[in-house]
Each structure stands twice: as structure tokens, then as C-alpha cells.
Amino acid sequence: MIAQLTKNERQVALLILLALAVVGIAMAAGGRHDPFGAHGALVLLAAIVGSFAVISGYYAPEPPESRLDSYYDDPSKAGIILAMIWAVIAMFVGDWVAWLLVNPNLTFDAGWASFGRLRPVHTSGVIFGFGGNALIATSYYVMQRTSRARMPDQLTPWFVLLGYNLFCVIAATGYLMGVTQSKEYAEPEWYADIWLVIVWVAYFVLYLRTLARRKEPHIYVANWYYLAFILVVAMLHIVNNLAVPISWGSAKSYSLFSGVQDAMTEWWYGHNAVAFFLTSGFLGMLYYYMPKRAGRPIYSYRMSIISFWGITFFYMWAGSHHLHYTALPQWVQSLGMTFSVMLLIPSWVSAGNALMTLNGAWHKVRDDAVLRFMMVAAVFYGLTTFEGSFMAIRPVNSLSHYTDWTVGHVHAGALGWVAMITFGAIYASVPWLWKREAMYSARLVEAHFWLAVGGTVIYVFAMWNSGIIQGLMWRTYNESGTLAYSFVDSLVAMHPYYIARAVGGLFFLLGAVIGLYNIWMTIRTAPQAAPETAADRPVLAGGAVLQAGE
Amino acid sequence: MTLDHDILVWFSKSFGLFYLLAMSLVVLVYAYWPSNKKPFEHAAQAILQDDDKPYRG
Ligand code: HEM
Ligand code: HEM
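Shown next as C-alpha cells:
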């Protein structure tokens with residue numbers, strides 16, 4: 014890895030690591046016994062390990078000029094492996110949390126293992142660890158291919174990827190120590206937030222610099238989605254995390270907002286995190302990997318543009334549907350509700366566009382589990398957005414809010430859409446990246462597919478049932494006008510569904526473990542000396558080499 | 007002038023409506039502009055080409 018950096022980049026890398034080490038020492042000294050100090054030590058450790066790596070490779074010969082004849086894919090490779098490792102860890106914790114709801118004793122009396130600490134490890138681990146790494150890895154891949162340009166340098170992609178993972182580790186370890194600013198999906202404290210801003214700006218600039226080098230006149234639509242993801246997440250993250258630390262040596266901070274303003278800011282952030290982290294970026298993935306895998310162009314390019322702007326305009330206003338029946342002014346709630354319902358149109362246009370792309374290639378979908386992952390993802394995307402628009406209607410929300418229905422909706426989106434499209438994209442790119450004919454075992458991909466689909470269906474149906482029963486029990490009155498059921502009654506009613514959910518989650522987790530194993534074995538088996546096809550040679554200057562089938 | 011609740015409501019209910027309509031119109035015109043058809047089709051097809059090398063012309 015270090016051998017791929019130029020001399021100059023190795024020096025800059027050392028400078029960055031030196032600065033990081035200084036920050037780590039300052040944090041450790043200033044924080045002392047506060048968790049802030051522990052995180053200082055962690056930062057210092059990361060800087061030391063990084064410096065050793067750079068120094069040990071420092072005198073390796075510089076990379077040859079010929080590197081510029083290929084795309085820079087090593088950061089994508091590392092990102093994919095990291096994503097799969099995060100997937101296994103975070104889904105393991107998710108299933109643990111699921112069993113905790115079945116049997117509360119599974120904390121083993123340890124503070125760090127309590128529900129309130131493990132749950133954010135799960136949510137951040139899957140969303141940021143798994144999803145984020147997969148987005149970074151695939152975005153590097155896609156932006157270079159669609160621009161027909163190599164990334165401008167070798168250092169920035171590593172800085173973004175590794176810096177981002179440092180953020181994820183600080184977040185997860187912080188939760189276990191009890192560090193949280195208690196805003197859902199934005200739990201990390203101020204210092205982690207500042208670090209993420211630095212990393213994220215570097216990511217955005219890297220993307221723009223690559224696009225600026227593009228050889229294609231038009232920027233392919235997948236890039237728009239990835240860019241919206243990067244840009245909007247930066248905006249959301251900065252505004253929602255505005256806070257004042259109680260001192261330079263403490264992990265604790267206070268938000269700039271309070272009361273209903275705080276709630277609105279948080280759910281403006283939260284819902285747009287759903288929109289731009291869990292949707293926009295993954296749509297970018299879909300618009301590249303699905304046509305590529307199916308060997309067919311996207312059904313309607315125009316519609317992909319129209320739905321892009323639809324999603325971008327509408328989502329911004331939908332956040333208040335998380336705050337129905339609260340102190341938020343009624344008209345703001347109605348605004349969120351209206352935009353949520355309108356959102357169904359661009360969402361279904363996207364899902365329909367994806368499915369129509371496959372229309373005519375159904376035999377491929379039948380034979381190829383990788384393409385099937387992507388198809389199922391598009392179906393669940395359609396389903397989840399329909400459900401979401403429905404739940405956003407105020408009277409419907411009065412039933413669903415606070416119940417497991419929301420959790421069911423979340424995982425229909427998270428398992429059915431986000432994880433499925435990611436697995437599809439990863440299985441597609443691994444052989445491409447490591448120059449293998451195919452995955453190590455097609456049967457294991459098949460096994461993963463069925464475990465994932467089975468697990469998702471069990472999970473989602475269990476939560477739908479549980480949620481609706483819960484919601485109905487909480488609003489049932491008896492003749493004397495008092496509530497018919499106590500909260501504990503509803504807990505007892507949920508118990509069997511919690512067991513089902515935990516089992517479904519276990520299936521899903523097993524699938525991810527199989528996936529990691531399969532990817533690992535694909536990498537380890539030596540590449541067959543694949544005959545060099547005409548397509549594998551560089552495009553000659555002047556370049557219009559026609560490919561077969563063009 | 008203080009930026010009170012009523013002013014904000016008035017602003018979002020009037021200006022908000024029109025600028026969203028205007029933006030939708032711009033997008034539709036852009037997507038259906040006849041001369042954009044060719045670059046769009048080219049872009050949709052171009053990703054399917056298999057030369058896995060950057061173009062260095
Ligand atoms: C092995 C698979 C999984 C299992 C067993 C699982 C389990 C759970 C459990 C038990 C909760 C807490 C529910 C509650 O508080 O009542 C939860 C919450 C959550 N999970 Fe998962 N999960 C899995 C996969 C995923 C994936 C892949 C994602 C995202 C890509 C995800 C995203 C979330 C989110 C966003 C929440 C918070 C929901 C809310 O606050 O409404 N989960 N999960
Ligand atoms: C048209 C699209 C969508 C709309 C209108 C929508 C609407 C909603 C609504 C109304 C809620 C419940 C709010 C509450 O009662 O507290 C919700 C929760 C949630 N949705 Fe969606 N949804 C959509 C798509 C998605 C997708 C594609 C995902 C992807 C994974 C997703 C993830 C979530 C999450 C994580 C929550 C839980 C937030 C929490 O922690 O409380 N949604 N959504």
C-alpha cells in the first residue's frame with residue numbers, strides 16, 4: 014500500500030499522522046480520566062500504527078508511471094473488506110440487542126452491555142460502518158469508471174477511507190463507555206463530529222477533482238446520487254451537531270438547540286440521513302451496478318434525472334413526520350406529511366426504472382443470484398417507500414408511532430433495500446476488482462441470498478404483527494373509559510414476535526458471515542491466467558475502439 | 007422587523023410554493039430538452055463498455 018504512494022505523498026502522510034499524534038496526546042492529557050482521554054489514547058495509537066506502516070514502506074521504490082494506465086482500486090478493495098467486517102460485527106450486535114429484548118438478562122450485568130449502549134453500536138455500525146464503507150468503496154469505483162479517469166492522487170482516498178473508519182471506531186467505543194449526545198444517528202460527541210467534517214470535506218473534494226478530470230462529457234447519473242449523498246450529509250451533520258463542549262478536556266457537550274427547535278433539527282437531520290445516506294448513495298450504487306450486471310442500459314435515463322431532483326427537493330421537507338402530535342406547529346407537521354406523500358412518486362419512479370431495466374433479462378435474474386440481490390433490493394425499496402409515505406399520514410402515524418411497526422419499516426428498508434443492494438454491488442465488484450472470473454463459490458452466494466431474503470421476511474413480518482398489536486392494545490379502552498391493557502400486557506404479547514425477529518436476524522447475520530468467507534476465499538484463490546481479451550487493453554490515443562455489441 | 011412566526015409561515019406558504027414549482031419546471035425542461043437526448047443515451051450506454059482502463063488521450 015505504501016509502495017503505491019509517491020515520495021511526496023509518503024511525506025504528507027507522515028505529516029498528517031504526526032499532527033494526528035499531537036492531537037491524540039493533547040486529548041489524552043487534557044481528558045485524563047474522562048472517556049475523552051481514552052479516545053485521545055486511541056487516536057494516538059492509530060497515529061503510531063499508521064506511522065509505522067508508512068515508515069516501513071518509506072524507502073520502497075516509487076510507483077511506476079504506468080500506474081496511471083489503470084484505475085486506482087486498492088482503496089475500494091480495502092473498503093469492501095472493511096464494510097463486510099463491520100456488517101458482521103454490527104449485525105451480531107443487532108441480533109444480540111434483539112435477544113436482549115427477548116431476555117433482558119443477556120447484558121451479563123455489565124454496564125457497557127446494556128441495551129442503551131449496544132443499540133447505537135448496532136445502528137451506527139450498520140449504517141456508518143457497513144453502509145458508509147460500502148458507499149465510499151463503490152463510489153471510488155464508480156466515479157473513476159464513469160469518468161474514465163483515474164483518481165487525482167493516491168493519498169486522499171486512503172485518508173478518507175481510514176479517517177472515516179477511525180471516526181466509526183471512536184463512535185462505537187464511545188457508546189460502550191457511555192459517551193453520547195443522545196441524538197439518534199448523531200450520537201458521537203463534538204470531537205468525533207469535527208473529525209468527520211474534515212474527512213468528509215476531503216471526500217467531497219476528491220470526488221469533484223476526479224469528476225473534473227473526466228473524459229466523458231456528461232456526468233453519469235450515478236455520480237449525481239453519490240454527490241448528493243456526500244454534500245447533503247455534510248450539511249446535515251454540521252448543522253445538527255452544532256454544540257458547545259463543557260471544556261476542552263471533556264467528551265460532554267451541549268447542543269446549540271433546545272426544545273422543539275432541537276427536535277426539529279434532529280429529525281430534519283434524521284430523516285435526511287435516511288434520504289441521503291440510506292437512499293441517495295445506494296441509488297447511485299443501483300444505477301451503476303444493476304445496468305452493468307444485467308448488461309442493459311438503464312430503462313429511462315430521463316426518469317433517473319427527474320426522480321433524482323424529486324427525491325432531492327421533497328425529502329428536505331419531510332422530516333417533521335417524525336414529530337406528529339408534538340409541540341411542533343401543526344402546519345409544519347402537515348408540511349412534512351404532504352411532502353412525504355409526494356415522495357412516493359419519485360421513489361416509485363426509481364424503483365420502477367430499476368425493475369424495467371431488468372425487464373427482458375429475467376432469465377439472468379433467475380440464474381444469477383447477484384442480480385437477484387439487486388432486484389429484491391428494488392422491490393423492497395418500492396415497498397418501504399410506500400409504507401413510509403403511508404406511515405407519514407398523521408392518523409396512521411398515531412397508530413404506528415412508538416411501536417415496532419416503525420422498527421419493521423426501518424428494517425424493510427435497511428435489510429431489504431440497503432443491505433441487499435450493497436451485497437449485490439459487492440458480489441459484482443469483487444471479481445472485477447481482484448480480476449477473478451467469478452466469486453469463489455456461486456452456491457454460497459445463492460445460500461447467502463436465500464438466508465438474506467428469508468431473514469428479512471421473517472424480521473419484517475414479525476415486526477409488522479408486533480407493532481400493530483402493540484398499537485391497538487395501547488388504544489383499546491374498556492367500558493369504564495380506561496385503558497384495557499397495561500404496558501406489561503403489551504410486552505407479553507410482543508414476546509413471541511421478538512423471538513421470531515431474533516431468529517430472522519440470525520439468518521441474515523449468517524448470510525453476511527457466509528458472504529465474508531466467500532469474498533475472502535475469492536481473494537485468496539490465485540487468479541486464473543484469464544486470457545487477455547481485447548477489451549482489457551488500454552484505449553489508444555484518439556480512442557474510439559468499438560467493443561463487440563456496440 | 008423581527009423574524010417572527012407569522013412572517014416565516016407567510017414566507018414558506020408563498021415563496022416556498024413558487025420556487026418549488028419553478029425548480030420542477032427547470033428539471034422537466036432540462037430532462038426533455040431535445041438536444042439533451044443524445045448525451046443522455048450515450049451516457050446510459052457508455053457505462054456498459056468493458057475497457058477497464060482510464061482514458062489517456
Ligand atoms: C442481523 C440483522 C439485524 C438485526 C437482528 C437487527 C436488530 C435490531 C434491533 C433489535 C433493533 C432495536 C429495535 C428496538 O429498539 O426496538 C434495531 C434497530 C435498528 N436497526 Fe437493526 N438489525 C439488523 C440489521 C440492520 C441493518 C443491516 C441496518 C441498516 C442498514 C439496521 C438499522 C437499524 C436502525 C436504523 C435501527 C433503529 C430503528 C429505530 O430507531 O426506529 N439494522 N435493529
Ligand atoms: C418515501 C420514502 C419514505 C417515507 C415517506 C418514510 C417515512 C417514515 C415515517 C413516517 C417514519 C416513522 C416516523 C415516526 O413515527 O417516528 C419513518 C421511520 C424511519 N424510516 Fe422511513 N420513510 C421512507 C423511506 C425509508 C427508507 C428507504 C429507509 C431506509 C432504510 C427508511 C428508514 C427509516 C428509519 C431508519 C426510520 C426510523 C427513525 C427512528 O429512529 O425513529 N425510510 N419513515
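Protein sequence lines, in the order shown, are assigned to chains B and G. So in the working numbering, the last one in the first sequence is 563, and the numbering has no gaps at all. So in the working numbering, the last one in the second sequence is 63, and the numbering has no gaps at all. The beta carbon of each residue, even a glycine, is placed where N, CA and C say it ideally should be.
Exercise for review: State the Cα-Cα distance for the pair D56/G and R306/B, rounded to the nearest angstrom.
Suggested key: Translated into the one-based positions of the second sequence, residue 56/G becomes position 50. Translated into the one-based positions of the first sequence, residue 306/B becomes position 293. When rounded, the distance between both Cα atoms is 12 Å.
Check your understanding: Would L219/B pass as a contact of M298/B if the rule is Cβ separation under 8 Å?
Key -> Against the first sequence, residue 219/B aligns to sequence position 206. Against the first sequence, residue 298/B aligns to sequence position 285. It is not a contact, given that the beta carbons lie outside the stated cut-off.
Check your understanding: Under the DSSP definition of a beta bridge, which residues are partnered with S266/B?
Key -> Position 253 of the first sequence holds residue 266/B. Beta-bridge pairing links S266/B to P258/B.
Review point. Just to confirm, are G429/B and T398/B a CB contact at a threshold of 8 Å?
Key: Locating residue 429/B in the first sequence gives position 416, where the first residue counts as 1. Locating residue 398/B in the first sequence gives position 385, where the first residue counts as 1. Not a contact, by the Cβ cut-off of 8 Å.
Point to revise | C-beta contact flag for S317/B and F242/B at 8 Å | key: Here the question's residue 317/B lines up with position 304 in the first sequence. Here the question's residue 242/B lines up with position 229 in the first sequence. No, they are not a contact pair.
**Study point:** Chain-ordered residues of the region 31-49 of chain G with a beta carbon less than 9 Å from chain B
**Key:** V32, V33, L34, Y36, A37, Y38, N42, K43, P45, F46, E47, H48 and A49
**Study point:** Within-8 Å CB hit, R488/B to chain G
**Key:** Locating residue 488/B in the first sequence gives position 475, counting from the first residue. With 8 Å as the cut-off, R488/B does not count as an interface residue toward chain G.
Point to revise | Proximity test, L368/B beta-carbon vs ligand 2 heavy atom, cut-off 7 Å | key: Reading the first sequence from its first residue, position 355 is the one you call residue 368/B. Set against 7 Å, the gap from the CB of L368/B to the closest heavy atom of ligand 2 is not smaller.
Check your understanding: How is Y220/B classed by DSSP in three states: helix, strand or coil?
Key -> Position 207 of the first sequence, counting from 1, holds the residue named residue 220/B. Helix, per DSSP.
Check your understanding: Hey, which residues come within less than 5 Å of ligand 4, measuring from Cβ to any heavy atom, in chain order?
Key -> You won't find ligand 4 in this model; what it holds is ligand 1 and ligand 2.
Point to revise | DSSP bridge partner residues for Y490/B (one or two, in chain order) | key: As a working mapping, residue 490/B is identified with position 477 in the first sequence. BP columns for Y490/B point to L496/B.
Point to revise | Own chain residues within Cβ distance below 7 Å of V466/B, not counting five before or after | key: If you number the first sequence from 1, residue 466/B lands on position 453. Only V389 meet the Cβ criterion.
Exercise for review: Return yes when the C-beta of L209/B is under 7 Å from any heavy atom of ligand 2, and no when it is not.
Suggested key: In the first sequence, the residue the question calls residue 209/B occupies position 196. No.
Practice item. Alpha carbon to alpha carbon, how far is Y72/B from H135/B? Give it in angstroms, no decimals. Key: For the purposes of this step, residue 135/B is identified with residue 122 of the first sequence, where counting begins at 1. For the purposes of this step, residue 72/B is identified with residue 59 of the first sequence, where counting begins at 1. Each residue's alpha carbon lies about 41 Å from the other.
Exercise for review: Taking only beta-carbon positions, decide if I13/G is within less than 8 Å of chain B.
Suggested key: Here the question's residue 13/G lines up with position 7 in the second sequence. Chain B, which has no Cβ nearer than 8 Å to the Cβ of I13/G, makes this no.
Check your understanding: From this set, S442/B, I481/B, V458/B and A451/B, which residue's C-alpha is nearest L412/B's C-alpha?
Key -> Walking along the first sequence from the start, residue 412/B turns up at place 399. Measuring from the Cα of L412/B, the nearest candidate turns out to be I481/B.
Practice item. Rank H231/B, S320/B and G323/B by C-alpha distance to the C-alpha of S41/G and give the top, closest one. Key: By 1-based counting over the second sequence, the position of residue 41/G is 35. When only C-alpha atoms are compared, the closest one is H231/B.
**Study point:** Proximal chain B residues relative to A52/G, where beta-carbon distance stays under 7 Å
**Key:** Taking the first residue of the second sequence as position 1, residue 52/G is located at position 46. Chain B residues near A52/G: E229.
Check your understanding: Can you round the beta-carbon distance between T535/B and W463/B to whole angstroms, since I take them to be within the 8 Å contact cut?
Key -> The residue you call residue 535/B lines up with position 522 of the first sequence. The residue you call residue 463/B lines up with position 450 of the first sequence. Incorrect: roughly 20 Å between the Cβ atoms, too far for contact.
**Study point:** Close Cβ partners of R158/B (< 8 Å) along its chain, the five nearest in sequence each way excluded
**Key:** Along the first sequence, one-based indexing puts residue 158/B at 145. Y84 and Y301, listed in sequence order.
Check your understanding: L26/G touches chain B at which residues, Cβ-Cβ below 8 Å?
Key -> Residue numbering aside, residue 26/G sits at position 20 when the second sequence is read from its first letter. Correct list: F326.
Review point. Mind checking S69/B: buried by the 16 CB within 10 Å criterion, or exposed?
Key: Numbered from 1 along the first sequence, position 56 holds the residue referred to as residue 69/B. It counts as exposed.
Point to revise | chain G contact residues for P304/B, given Cβ-Cβ distances below 9 Å | key: Numbered from its first residue, the first sequence carries residue 304/B at position 291. Within chain G, the residues near P304/B are A50, I53 and L54.
Exercise for review: Could you tell me whether the Cβ of L81/B comes closer than 8 Å to any Cβ of chain G?
Suggested key: Taking the first sequence and counting its residues from 1, one reaches residue 81/B at position 68. With 8 Å as the cut-off, L81/B counts as an interface residue toward chain G.
Exercise for review: Please check the pair A41/B and G53/B, which I expect to be a contact at CB under 8 Å, by giving their CB distance rounded to whole angstroms.
Suggested key: Here residue 41/B is taken as the residue at index 28 of the first sequence, counted from 1. Here residue 53/B is taken as the residue at index 40 of the first sequence, counted from 1. At roughly 3 Å, the Cβ-Cβ gap stays under 8 Å, so A41/B and G53/B are in contact.
Check your understanding: Which one of P509/B, G484/B and H508/B has the shortest CA to CA distance from A497/B?
Key -> The residue given as residue 497/B occupies position 484 in the first sequence. Answer by Cα proximity: G484/B.
Review point. What is the rounded straight-line gap between the Cα of G468/B and the Cα of F17/G?
Key: As a working note, residue 468/B is residue 455 in the first sequence. As a working note, residue 17/G is residue 11 in the second sequence. So the alpha carbons of these two residues sit roughly 48 Å apart.
Review point. Taking C-beta to C-beta, are V202/B and A264/B nearer than 8 Å?
Key: Sequence index remark: in the first sequence, residue 202/B carries index 189 (1-based). Sequence index remark: in the first sequence, residue 264/B carries index 251 (1-based). Note that residue 202/B is Glu in the sequence shown here, rather than Val. In this structure, A264/B lies closer than 8 Å to E202/B by Cβ.
Point to revise | Interface partners of Q157/B on chain G, CB under 8 Å | key: In the first sequence, the residue the question calls residue 157/B occupies position 144. Here the neighbours are P60.
Point to revise | Endpoints, alpha helix (DSSP H) assigned at V56/B | key: Position 43 of the first sequence, counted from the first residue, corresponds to residue 56/B. Here the alpha helix (DSSP H) through V56/B covers P48 to S69.
Check your understanding: Cα-Cα, which of T370/B, S89/B and V36/B is closest to I311/B?
Key -> For the purposes of this step, residue 311/B is taken as the residue at position 298 of the first sequence. That would be T370/B, whose Cα lies nearest to the Cα of I311/B.
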